[in-house]
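Student:
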Amino acid sequence: MSQNQPNTILEANKFDGTNYSNWLRNLRIVLDFENQTYVLDKSLPQPLPEGFLPRERLTFEKFTQWHEDNQKVRSIVLSSMSNESQKQYERYEDVCSIMRRMKELYAVPDRHIRYAVTKAFFDARMIEDHSYESME
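Note that the sequence shown covers residues 298 to 433 in this note's numbering.
1. Alpha carbons only, please: which of Phe357, Glu358, Arg397 is nearest the one belonging to valine 374?
2. Using the beta-carbon count (16 or more within 10 Å), is aspartate 366 buried or exposed?
3. So asparagine 304 and tryptophan 320 are supposed to be a Cβ contact under 8 Å. How far apart are they, rounded?
4. Could you pull the start and end residues of the alpha helix (DSSP H) that arginine 397 belongs to?
5. Compare the beta carbon distance of serine 261 and aspartate 313 with 8 Å and say whether it is the shorter of the two.
6. Which residues in the same chain have their Cβ closer than 6 Å to the Cβ of arginine 371, if we skip the five residues on either side of it in sequence?
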């Protein structure tokens, strides 16, 4: 994969264990540019048996393309991580497995965020003798 502008986003914002949401958003931007985002979500296709029929050729080509894209995306994902994170995920063969594990460890469910924001809002108190009308 050639050096391109979108890849610089990942170089500047490497995954370090604390920035999963931002890193994932940047990763998807880069992979959208490369038309390889599908590898993040699609599991490894099953190999075709030897002597497959000509009508299965398209399936074989998709299988081959997935493997090529998986290798490229895996390299992008690992290179966009800190050294410590690379060591943790380098043993995974396919990107989908890496992403599944990272989601388990680092993704914050939306309802927890909504709860925290709502709680902070309701816990906030107005200060007595303070005019809130002129705050703009």
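The beta carbon of each residue, even a glycine, is placed where N, CA and C say it ideally should be.
Tutor: Answer, in terms of the structure:
1. Comparing Cα positions, the closest option is Arg397.
2. Aspartate 366 comes out buried.
3. Cβ atoms of asparagine 304 and tryptophan 320 stay farther apart than 8 Å, at about 13 Å.
4. Per DSSP, arginine 397 belongs to the alpha helix (DSSP H) from 392–403.
5. An answer regarding residue 261 cannot be provided, because it is not within the stretch 298 to 433 covered by the chain.
6. Cβ within range, chain order: Val392.
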